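In UniProt numbering, the protein residues as written are 1 to 361.
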């Protein structure tokens, strides 16, 4: 029996989102039905609305979510009704070559729910990142549900489902930031600020925040940055080198994802240092670097996809750190809003007014 719930739909390219009644099926084999408690408004949702991901409209938006499992389908052992879970868009298969090599965070065959949610007239919806959580209920693969401590705030916990995990993981998992390292983060929105928090957790001695917006630099300082660089007032590479005894940072994280910021990251790292790209480029962007510089500087150039996280390992650990006061996830929640506030939240995000607006239900 299908459930009829309210949800945020992007019906066509660049059109304002709207609230619609949708139909959510009962879970089939390997699926779980989740009552959504909170869901963050991410740039990726805006990219879907703008047609920047694909053209498979209409989209059911929302993916940075936490909630309560209400029903499970046949064969589900990961979770049970009543579990408080964070949703993820990387449900690993356990069988592909990456999983068999013991590197499931690189899984090449992640999966989503088999059944499709739909509009009231039967039109099938494309859920954002296979989740679709700007809704009172959503249907996902059971592997997309990670059980965590229910004492956590749903508004804060859900952000681990995408942007905050991407930033934390870029520092901890991909960048392998260690005690005493110097770290520079270029771009201090939600993902970059999370990378700063991750570098602090990892014990970095010097954490340099780089941005054009003074408000974001102030937030970065609150989250652990020891130094800030206003990218509007001077050369970023020179500034980072001056703050690192002329050598450059051990790890530089590009949380913007543009050719110019990547070049800054490349030349702002120490010899044999690491560059981590976690900001998402657009398809037309290209990069031109002298190959001799790539060879001569050594080190590592890495891309971080979802912070190279393994949700079953990372989400419970990070929630424990949050509950123990070592990771301030609440700092990423700029405001809580109803389902009807998503379109204005997109505008606030584009203005740089928020780290995250979070829909609460």
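The beta carbon of each residue, even a glycine, is placed where N, CA and C say it ideally should be. These numbers come from a predicted model, not from an experiment.
Using CA atoms only, rank isn't needed, just tell me which of the options is closest to residue i.
| i | options | result |
| --- | --- | --- |
| residue 24 | 54, 67 and 116 | 116 |
| residue 176 | 35, 347 and 303 | 303 |
| residue 200 | 81, 212, 213 and 184 | 184 |
| residue 197 | 43, 325 and 60 | 325 |
| residue 34 | 138, 149, 257 and 226 | 138 |
| residue 309 | 7, 65, 102 and 165 | 165 |
| residue 130 | 72, 157 and 65 | 65 |
| residue 12 | 279, 4, 46 and 27 | 46 |
| residue 77 | 30, 249 and 159 | 30 |
| residue 289 | 248, 301 and 171 | 301 |
| residue 272 | 250, 36 and 211 | 250 |
| residue 168 | 323, 352, 8 and 305 | 305 |
| residue 170 | 62, 255, 234 and 161 | 255 |
| residue 238 | 213, 159, 208 and 221 | 208 |
| residue 160 | 1, 58, 41 and 16 | 41 |
| residue 230 | 323, 210 and 242 | 210 |
| residue 120 | 227, 261 and 58 | 58 |
| residue 225 | 212, 232, 192 and 242 | 192 |
| residue 182 | 213, 243, 235 and 162 | 243 |
| residue 49 | 179, 14, 100 and 152 | 14 |
Could you check where the beta strand (DSSP E) with residue i kicks off and where it finishes?
| i | result |
| --- | --- |
| residue 186 | 182-186 |
| residue 68 | 64-72 |
| residue 282 | Neither: residue 282 is in no beta strand (DSSP E) and is coded neither H nor E. |
| residue 197 | Not the beta strand (DSSP E): residue 197 falls in the alpha helix (DSSP H), residues 190-202. |
| residue 254 | 249-254 |
Hey, quick one: how far does the alpha helix (DSSP H) through residue i stretch, first residue to last?
| i | result |
| --- | --- |
| residue 343 | 342-351 |
| residue 99 | 97-100 |
| residue 13 | Segment: none, residue 13 is in no alpha helix (DSSP H) and carries neither H nor E. |
| residue 149 | From DSSP, residue 149 is part of no alpha helix (DSSP H); its letter is neither H nor E. |
| residue 233 | From DSSP, residue 233 is part of no alpha helix (DSSP H); its letter is neither H nor E. |
Is the beta carbon of residue j closer than 8 Å to that of residue i?
| i | j | result |
| --- | --- | --- |
| residue 318 | residue 6 | no |
| residue 408 | residue 32 | One cannot answer for residue 408 here, as it falls past the ends of the chain, which runs 1 to 361. |
| residue 173 | residue 307 | yes |
| residue 257 | residue 281 | yes |
| residue 223 | residue 132 | no |
| residue 194 | residue 38 | no |
| residue 62 | residue 10 | no |
| residue 245 | residue 17 | no |
| residue 322 | residue 152 | yes |
Residues in the same chain with beta-carbon distance under 6 Å from residue i, minus the five sequence neighbours each way, listed in chain order, please.
| i | result |
| --- | --- |
| residue 285 | 259 |
| residue 98 | 106, 107 and 108 |
| residue 247 | 270 |
| residue 346 | 46 |
| residue 276 | 170, 174, 175, 253, 302 and 304 |
| residue 206 | 182 and 226 |
Grab me the residues of residue i's own chain with a C-beta within less than 7 Å of its C-beta, minus the 5 sequence neighbours each way, in chain order.
| i | result |
| --- | --- |
| residue 27 | 33, 71, 72, 73 and 139 |
| residue 56 | 126 |
Is the Cβ of residue i closer than 8 Å to any Cβ of chain B?
| i | result |
| --- | --- |
| residue 332 | Within the model displayed, chain B is absent; a lone protein chain is all it includes. |
Near residue i, which residues of its chain fall below 8 Å by C-beta distance, leaving aside the five closest residues on each side in sequence?
| i | result |
| --- | --- |
| residue 79 | 32, 69, 72, 85, 142, 145 and 147 |
| residue 241 | 247, 248 and 268 |
So, does the segment 328-337 touch the segment 351-359, judging by three or more C-beta pairs under 8 Å? yes
Touch test, the segment 261-272 against the segment 290-302, Cβ-Cβ under 8 Å, three pairs minimum: yes
Is the number of C-beta pairs between the segment 142-149 and the segment 84-93 that are closer than 8 Å three or more? The segment 142-149 is in contact with the segment 84-93.
Three or more C-beta pairs under 8 Å: does that hold for the segment 186-195 against the segment 215-229? Under the three-pair Cβ rule at 8 Å, the segment 186-195 counts as touching the segment 215-229.
Counting Cβ pairs, one atom from each stretch, are 3 or more of them under 8 Å apart for the segment 89-96 and the segment 11-23? They do not touch, by the three-pair rule.
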